[in-house]
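Chemist:
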Amino acid sequence: MAPGAAPPVLDGAVHSWDTSIGVDGPGTRFVVFLAGCPLRCRYCHSPDTWYGRSGRRRTVDEMVATIARYRRFVQVAGGGVTVSGGEPLLQPRFTGELLRRCHALGLHTALDTSGFLGDRADDALLDATDLVLLDVKAGRPETYRRVTGTGRLAPTLRFARRLADRGTPMWIRYVLVPGLTDAVDEVARVADVAAGLTGVARVEVLPFHRLGAHKYAELGLAFPLADTAPPDPELLARVRGQFVERGLTVT
Amino acid sequence: MNGNQRTVDPWRDFRDGPWRETIDVADFVHRNHEPYLGDASFLTGPTERTLAVWDRLRALFPEERRRGVYDIDAATPSTITAHAPGYVDRERELIVGLQTDAPLRRAIMPAGGLRMVETALRAYGREPDRRVHEIFTRYRRTHNDAVFDAYPEDVLAARRSHIVTGLPDAYGRGRIIGDYRRVALYGVDRLIEERRAHKAALDGRRSTDDVIRDREELAEQIRALGELKEMAAGYGFDISRPAATGQQAIQWLYFGYLAATKEQNGAAMSLGRTAGFVDVYLRRDIVEGRLDETGAQELVDDFVIKLRIIRFLRTPEYDQLFSGDPTWVTESLGGMGADGRPLVTRTTFRYLQTLYNLGPAPEPNLTVLWSPRLPDGFKRFCAQVSLDTSAIQYENDELIRPAYDDDTAIACCVSAMRVGRDMQFFGARVNLAKALLYAINGGRDELTGEQVAPPTPPVGGETLDHDEVLAAYDRTLDWLAQTYVDALNVIHHQHDRYAYERLEMALHDHPVRRFMATGVAGLSVAVDSLSAIRYGRVKVLRDETGLAVDYAVEGEFPTYGNDDDRADEIAVWLVETFAAKLRRQRAYRDAELTMSVLTITSNVVYGRHTGNTPDGRRAGEPFAPGANPMNGRDTHGLVAAALSVAKLPYDAARDGISLTGTVTPDGLGHTREERITNLAGVLDGYADAGGFHLNVNVLDRATLLDAMAHPERYPQLTVRVSGYAVNFVRLTPEQQRDVVSRTFHGSL
Ligand code: SF4
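The listed protein sequences correspond, in order, to chains A and B. The opening position of the first sequence corresponds to residue 0 in numbering that gives the first Met the number 0, with each subsequent residue numbered one higher. The opening position of the second sequence corresponds to residue 0 in numbering that gives the first Met the number 0, with each subsequent residue numbered one higher.
Following this line, the structure appears as structure tokens:
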């Protein structure tokens, strides 16, 4: 950029935003959902975020102006901003700038990602990220493929190690789907990975639910797990226990 | 029981101050209270004695629920001394006194309105008493009769069409909080002496209307205080002198409150701010070795048991409007002192602990005056109790204290008053959404076609023009403000004459500051309708008489409750505009006009009586409660809704602005500890943003659906609904559906 020239307006495809408490990182959070995701997880509860075109073009300035209204509230309430999706790293420049600007406002920042596109996150982006909510979808490459349709496990593991090396705190998330991700051996591998990383502050085992089913119907898509029941409490306890056994903090 | 009280100094070890010379409980509390900064770990569970007393009552509740009332004394018009002493369990009770001679036996209070009494009796299968009928028709006029003699025709029309509703013209007005602590601190004789001095001072003034009325009222107050002593004597207590122990302090102040509830079937009979006061006595008892923690909790538990069985005889329609059987025994807890010290004591915790020891209940209506500066241990305990019981409401102490003082209590749901210094003329509320439809229809009712407001040219054209609608709305609101205050002036003039709160007013300063507390309903519907007219295109559908009966909205428009200034500014404008119009009216006894944005649960009934609205809401659909955004239109979560509501200026709505937030436990975090932290954080954030009031329901949809299907499994399920906690299984199916369909915030 020539000295003195106005910076180009940076915009991105934003699906929606919301405020949430205690489920998208610590405290009360302003959550930006970006549109577009390269994966097609069978359990995805937000298929409406899959396509970049389903978002609205918003500039970083616009989003920051909206977030600034909540800055005081989320700070007083012990929270921050979470950039989620879809897959936020599909738009790394927008995501990076958004995180940087929020960070500059003094807000706690979190990045909610599958890590599949972790290579696209440059160091500047991660410098502006206080916490990564890393969705590790499986322990075995075959399962990862089965879950996501289009993805590979390796990039997520690579990203996780990079975060550990740079000392970026992580919450590992694992979506528990009966018959898909509940095998003892499957969970054990994820637990191995998590236990082997420094900086994993907690593991969140998220029970699969079908509350997103209506979105598939609205989009004219079939919901692959329409007939899969949520995990029962015993299964949930067993899987959580597998992480606890490895000395991890589990919620 | 009270054997040695004459030999001990009731004020021993109290720190001196002006409170000794003048009646000033606030000064006493300031000088003698000791903040407690710790956590809840010192609290104790219920004793066997407590459970035995409570179980005796609990055994009666199913029968009461089934029949609507447990028992009625239909032949004895209630006064402070009309009924013989009554007990729940004479051997075990620590705090005694019932409204009638038996628990859950309701009294009749025909001075407020005979019609209400007789309708209620018939509804519950009882014949009205002939002698009572004769007395209150032939010899003694009631408030209700007097009001209807004096209502002008336009008030009657506005009342009929439900644009002005819930008026306290058929029963007691309530919302007056006597400073019941005065009975304990000073004893009744001292209070009588003080009243006599006020009365004597009036002897030097000319006998104008005002002075005559004041003299008569003071004479009545003195008489009521005498009866209070007599009532207590019936239970074996001499309350002419100050209370000397914690047990006596609670007993004395409860007698004061009880006497008020024997005479007044008030819409809300609130208690005030008693915990910090009681704590001074309990602390002294503990120091003196008279009491331990278990004993202190036991006294509080026993007191709260009594507050839980306050009952009034009302019609089933009334109960339907207000959901269940409300009494609004509101107790204000916590808050900060003007000196920067928290007004949190161990007894503040003990009051909350009753929700565990006796199980959750809507009464007494425990109200925490929240400040981000409150001690952490107390904040966390409040959040925990909310999570476990949903039975606390929160008001912003940082707004209340500067506007009133640090000895202020909430009456009913959100109405703040300095205890013993302010009173209010309760004014129910008007329907702002219906008023907008009147503006469009030239003053005709959209459902009946009746000309209710003075005829004005209806808003014409196929599509509503924003400026034209606004001009018409402005005129309608002028008429509404005038008609409304006119109605209230009549009501309160007659209430003072025919159903004066002798005892409650005896426990106020003289002269007292008076508010006339008006209210509005339908805010979000009116705001979204104006937004639709301004930002979208609203086509009018008219019937054959030209009456606008439906609307078709095209285009997107911002809605209130999403922190979108375009819509929220309309809400601010409407609140400020209507408040200003009200303030221009001359109120009875020169009361200060205040306004609330509050519906309690009557939002359902308001909706039922309001036609289609330009925001797309269908005729009959419930309004959102209080200042809440319309159900389902708040798309950015509880925090965005809270920030929208927080924009409404408290200065224009000094009688309170109510927000009900429903969160699922999962929507507050994964673990209990996290949920507690996060809920306390949200309360801090909301208070910091300037929000006034927040009801917190921590629930999930499944629980509610199950409770609808199996009410017997959830006898104690408490749901907070706009300013009030109600027993969910007592709601009508329609109200239950409304609660369930309310936006559930939180990621499921
Ligand atoms: S990565 Fe997330 S958004 Fe993308 S498909 Fe999977 S669950 Fe859905």
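Backbone N, C-alpha and C define an ideal beta-carbon position, used for all residues, glycine too.
In chain order, what residues place their C-beta within less than 6 Å of a heavy atom belonging to the ligand SF4?
Modeler: C36/A, L38/A, R39/A, C40/A, C43/A, S45/A, T48/A, G84/A, G85/A, E86/A and S113/A
Chemist: Within 10 angstroms of the Cβ of R349/B, are there 16 or more other Cβ atoms? Answer buried if so, exposed if not.
Modeler: buried
Chemist: With a threshold of 16 other CB atoms inside 10 Å of the CB of G722/B, please say whether the residue is buried or exposed.
Modeler: Since pLDDT at G722/B reaches only 44, below the 50 mark, its modelled position is unreliable, and the value read off the structure follows with that caveat. Buried.
Chemist: Using 10 angstroms around the beta-carbon of E555/B, count the other beta-carbons present and answer buried if the total reaches 16, otherwise exposed.
Modeler: exposed
Chemist: Between the Cα of R130/B and those of P109/B, M115/B, A415/B and A390/B, spot the shortest distance and give me the residue it belongs to.
Modeler: P109/B
Chemist: Candidates A274/B, K433/B and I490/B: which alpha carbon is nearest A516/B's?
Modeler: I490/B
Chemist: Note down, in chain order, every chain A residue with its Cβ under 7 Å from the Cβ of L351/B.
Modeler: Residues of chain A passing the Cβ test: none, with the nearest at roughly 22 Å.
Chemist: If you measure beta-carbon to beta-carbon, which residues of the region 49 to 77 of chain A are closer than 9 Å to chain B?
Modeler: For the region 49 to 77 of chain A, which is checked against every Cβ of chain B, the residues closer than 9 Å are T65, R68, Y69, R71, F72, V73, Q74, V75, A76 and G77.
Chemist: Between which residues of its own chain and L116/A is the CB-CB distance below 8 Å, once the five residues before and five after are set aside?
Modeler: P37, E86, L88, L89, P91 and P154
Chemist: Does G26/A have its Cβ less than 8 Å from a Cβ in chain B?
Modeler: yes
Chemist: Using 8 Å as the threshold, is the C-beta distance between I94/B and D237/B below it?
Modeler: No, they are not a contact pair.
Chemist: In the DSSP assignment, the alpha helix (DSSP H) including K580/B goes from what residue to what residue?
Modeler: D564 to R582
Chemist: So that I know if they touch, is there some Cβ in chain B lying closer than 8 Å to that of W170/A?
Modeler: no
Chemist: In chain order, what residues of the same chain have a beta carbon less than 7 Å from the beta carbon of G786/B, not counting five sequence neighbours either side?
Modeler: Any question about residue 786/B goes unanswered here, given that chain B covers just 0 to 747.
Chemist: Between S721/B and chain A, is there a C-beta pair that is closer than 8 Å?
Modeler: The pLDDT assigned to S721/B is 44, lower than 50, so where the model puts this residue is not dependable, and the model offers no usable value.
Chemist: In terms of DSSP beta bridges, what is E591/B paired with?
Modeler: F514/B
Chemist: May I ask which residues mark the beginning and end of the beta strand (DSSP E) holding T366/B?
Modeler: N364 to W369
Chemist: Can you give, in chain order, each stretch of the alpha helix (DSSP H) that sits fully within the region 91 to 135 of chain B and has at least 4 residues?
Modeler: 113 to 122 and 129 to 133
Chemist: So with CB distances below 7 Å, who are the chain A contacts of E673/B?
Modeler: G21
Chemist: Comparing C-alpha positions only, which one of D10/A, R160/A and T142/A sits nearest to D118/A?
Modeler: R160/A
Chemist: Can you tell which of R541/B, A157/B and V524/B has its C-alpha closest to the C-alpha of D567/B?
Modeler: V524/B
Chemist: Could you work out which residue in Q352/B, R212/B, R617/B and L398/B is closest to L365/B when comparing CA atoms only?
Modeler: Comparing Cα-Cα distances from L365/B to each of Q352/B, R212/B, R617/B and L398/B, the minimum goes to Q352/B.
Chemist: Excluding the 5 residues preceding and the 5 following E192/B in the sequence, name in chain order all residues of the same chain whose CB lies nearer than 6 Å to its CB.
Modeler: none
Chemist: Count the other CB atoms, across all protein chains shown, that sit within 10 Å of the CB of F311/B; report buried if there are 16 or more and exposed otherwise.
Modeler: buried
Chemist: Measure from the C-beta of L435/B to each C-beta in chain A and report whether the shortest distance is under 8 Å.
Modeler: no
Chemist: Sorted by chain position, which residues of the same chain lie with C-beta nearer than 8 Å to A236/A's C-beta, five sequence neighbours on each side aside?
Modeler: none
Chemist: Check F115/A in the structure and name its three-state DSSP category.
Modeler: coil
Chemist: Pull out every residue of the region 126 to 139 of chain B whose Cβ sits closer than 8 Å to any Cβ of chain A, in chain order.
Modeler: none
Chemist: At what residue ranges does the region 626 to 656 of chain B contain a whole run of the alpha helix (DSSP H), taking only runs of 4 or more?
Modeler: 636 to 645
Chemist: Can you name, in chain order, every residue of its own chain whose Cβ lies under 8 Å from the Cβ of R125/B, other than the five neighbours on each side?
Modeler: Answer for R125/B: I71 and A73, listed in chain order.
Chemist: Is the region 399 to 409 of chain B in contact with the region 497 to 513 of chain B, if contact means three or more CB pairs nearer than 8 Å?
Modeler: no
Chemist: Considering M416/B, what are the terminal residues of the beta strand (DSSP E) in which it resides?
Modeler: S414 to R417
Chemist: Strictly below 9 Å CB to CB, what residues from chain B border E203/A?
Modeler: Going along chain B in sequence order, the residues near E203/A (Cβ under 9 Å) are H669.
Chemist: Counting only C-beta atoms, is S250/A closer than 8 Å to chain B at any point?
Modeler: Looking at the sequence shown, residue 250/A is not Ser but Thr. Closer than 8 Å to some Cβ of chain B, the Cβ of T250/A qualifies, so yes.
Chemist: Listing by chain order, which chain A residues have their CB less than 8 Å from the CB of L642/B?
Modeler: R68, Y69 and F72
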